[in-house]
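Asks: Number 282 marks the last residue of the sequence shown (the working numbering); no jumps.
In this text, a Cβ means the ideal position worked out from N, Cα and C, and glycines have one as well.
Before I ask anything, let me first share the structure, which is written out below as C-alpha cells.
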Amino acid sequence: MRFDCVLLDFDGTFTLAEEEGAPFVEAYRADLAERLGRDIAADWSECEATVRARPAEYGWLFQGKLVAPGNADPYIRSTTVARMLMDRFGAYLDPAERERALSELYGQSYERSATVFRPGAKLVLERLLDTGVPVYVVTNSGTEAVTRKVRSLLPAAARLPTVRGNARKAFIEEPVGVDGTFAGLPETQALAGLPRPVYLRRGRYYEVLRGIWDQTGTRPERTLLVGDIYELDLAMPFHLGVSIHLIVGETTPDYERRFVEDAALGGLSETLDAVLERVGI
Numbered sequence: 002m003r004f005d006c007v008l009l010d011f012d013g014t015f016t017l018a019e020e021e022g023a024p025f026v027e028a029y030r031a032d033l034a035e036r037l038g039r040d041i042a043a044d045w046s047e048c049e050a051t052v053r054a055r056p057a058e059y060g061w062l063f064q065g066k067l068v069a070p071g072n073a074d075p076y077i078r079s080t081t082v083a084r085m086l087m088d089r090f091g092a093y094l095d096p097a098e099r100e101r102a103l104s105e106l107y108g109q110s111y112e113r114s115a116t117v118f119r120p121g122a123k124l125v126l127e128r129l130l131d132t133g134v135p136v137y138v139v140t141n142s143g144t145e146a147v148t149r150k151v152r153s154l155l156p157a158a159a160r161l162p163t164v165r166g167n168a169r170k171a172f173i174e175e176p177v178g179v180d181g182t183f184a185g186l187p188e189t190q191a192l193a194g195l196p197r198p199v200y201l202r203r204g205r206y207y208e209v210l211r212g213i214w215d216q217t218g219t220r221p222e223r224t225l226l227v228g229d230i231y232e233l234d235l236a237m238p239f240h241l242g243v244s245i246h247l248i249v250g251e252t253t254p255d256y257e258r259r260f261v262e263d264a265a266l267g268g269l270s271e272t273l274d275a276v277l278e279r280v281g282i
C-alpha cells in the first residue's frame with residue numbers, strides 16, 4: 002500500500018454523472034421556469050449549447066470568480082445555465098438573493114437525482130476499505146444524501162468510508178486558522194490551454210482536509226485523492242503535496258488531462274480499477 006490515507010470525491014467519480022444527473026436537470030429546469038414565470042425551453046437549450054462549446058469561458062461562477070469548468074457535470078452545467086438565464090431575463094439581480102435561489106434550486110433538485118454507479122465502483126471501494134487505511138469521501142453534496150448512496154453500494158459492508166459532505170470546494174477564501182501548510186499555497190495556477198487562472202486558496206475545502214489529516218495522523222504527502230474535476234477536486238490538494246488521480250470522461254477538458262498526465266504526482270484513467278493499481282493493491 003503506497004498511501005496512508007485515501008480521499009474520494011463521489012458524484013461523478015464513483016457515479017456516472019450524466020446518467021444520474023438527468024432527472025436532476027429535468028427538475029432543476031422545471032423549478033427555474035416556475036421561478037422565472039415563463040417557458041425557458043428554447044433559451045435553456047441555447048445557453049446549454051454555449052456552455053458545452055465554451056466551458057472554460059462559461060464556468061461555474063461563484064462569489065465573482067470562475068471556480069470550475071461549466072460543462073464538468075450536469076450539476077455545474079445547470080447552475081451555469083441558470084445564471085445565464087437570470088441575467089438574460091433580469092431576474093434575481095441582487096447577489097445574495099441569487100445565491101439563495103441557486104442553492105435552493107440545487108438542493109431541491111438533487112433529491113431527484115438517480116443513483117448510477119460506475120462499473121467496478123463496489124469492488125474498488127471494498128478493496129480500498131480492506132486495506133485498513135483511512136478512507137474518506139469528501140464531497141460538495143450533502144452528507145446524508147451521499148451516505149445513502151454509499152450504503153446502497155455496500156449494503157452488507159462491515160465498514161464504510163466516512164463521508165464529509167458540504168465540503169465547499171468552490172469557496173475561494175482563507176480557512177479559520179491559517180497554518181503554515183495553507184500559507185504556502187499560491188493564489189492561482191496557470192494551465193496551458195486555459196485562458197483564466199485556477200484559484201487554489203480554497204480555505205473551506207482545506208479545513209475539511211486538514212481535519213481528516215489531524216484526526217487520522219496522516220500527511221498530505223502520504224495521501225491519494227481521487228476526483229473527476231481537476232480544478233474543483235484536485236488542484237488545491239495537488240499543491241499541498243497530495244498525489245491525485247483524475248477520473249476522465251467526455252466532458253473532461255483537454256487542459257486538465259494534459260496537466261494531470263504530465264504531473265509527477267498525477268495519474269488519470271477512464272475507469273476506477275486503475276485506482277487500485279495506483280495504491281498498489
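On the three-state DSSP scale, how would you describe G281?
Replies: Translated into positions along the sequence shown, residue 281 becomes position 280. Here G281 sits in coil by DSSP.
Asks: Based on the DSSP output, what are the partners of Q190 in its beta bridges?
Replies: In the sequence shown, counting from the first residue as 1, residue 190 sits at position 189. V199, per the DSSP bridge assignment.
Asks: Can you tell me the Cβ-Cβ gap for N141 and T252, rounded? I've got them flagged as a contact below 8 Å.
Replies: Sequence index remark: in the sequence shown, residue 141 carries index 140 (1-based). Sequence index remark: in the sequence shown, residue 252 carries index 251 (1-based). Actually they are not in contact, since the Cβ atoms of N141 and T252 sit about 17 Å apart, beyond 8 Å.
Asks: Quick check for students: name the residue ranges of the alpha helix (DSSP H) that lie wholly in the stretch 97-175, counting only runs of 4 or more.
Replies: Runs of the alpha helix (DSSP H) inside the stretch 97-175: 122-131, 144-154.
Asks: Report buried or exposed for M85, applying the criterion of at least 16 other Cβ atoms within 10 angstroms of its Cβ.
Replies: Translated into positions along the sequence shown, residue 85 becomes position 84. Buried, by the Cβ-count rule.
Asks: How is F25 classed by DSSP in three states: helix, strand or coil?
Replies: Locating residue 25 in the sequence shown gives position 24, counting from the first residue. Three-state result, F25: helix.
Asks: Rounded to whole angstroms, how far is the Cβ of A146 from the Cβ of Y111, which I believe are closer than 8 Å?
Replies: On the sequence shown, residue 146 is found 145 positions in, with the first residue counted as 1. On the sequence shown, residue 111 is found 110 positions in, with the first residue counted as 1. Rounded, the Cβ-Cβ distance is 7 Å, consistent with contact.
Asks: For E175, which residues in the same chain have their Cβ closer than 6 Å to its Cβ, ignoring the five residues on either side in sequence?
Replies: Indexing the sequence shown from 1 puts residue 175 at position 174. Counting only Cβ-Cβ distances below 6 Å, and skipping sequence neighbours, we find G204.
Asks: So if DSSP puts F63 in a beta bridge, which residue, or which two residues, is it bridged to?
Replies: Within the sequence shown, numbered from 1, the residue matching residue 63 stands at position 62. Note: F63 sits in a beta bridge opposite K66.
Asks: Tell me whether A226 sits in a helix, a strand or coil according to DSSP, three-state version.
Replies: The residue you call residue 226 lines up with position 225 of the sequence shown. At residue 226 the sequence reads Leu, which differs from the Ala that was named. Reduced to three states, the DSSP call for L226 is strand.
Asks: Count the C-beta pairs between the stretch 86-104 and the stretch 178-188 that are closer than 8 Å, then say yes if the count reaches three, no if not.
Replies: Short answer: they don't touch.
Asks: Is the Cβ-Cβ distance between P75 and P254 less than 8 Å?
Replies: Here residue 75 corresponds to residue number 74 of the sequence shown, with the count starting at 1. Here residue 254 corresponds to residue number 253 of the sequence shown, with the count starting at 1. No. Outside cutoff.
Asks: What is the DSSP secondary structure of I41, counted as helix, strand or coil?
Replies: As a first step, residue 41 is located in the sequence shown; it is residue number 40 there, counting from the start. It is coil, neither helix nor strand.
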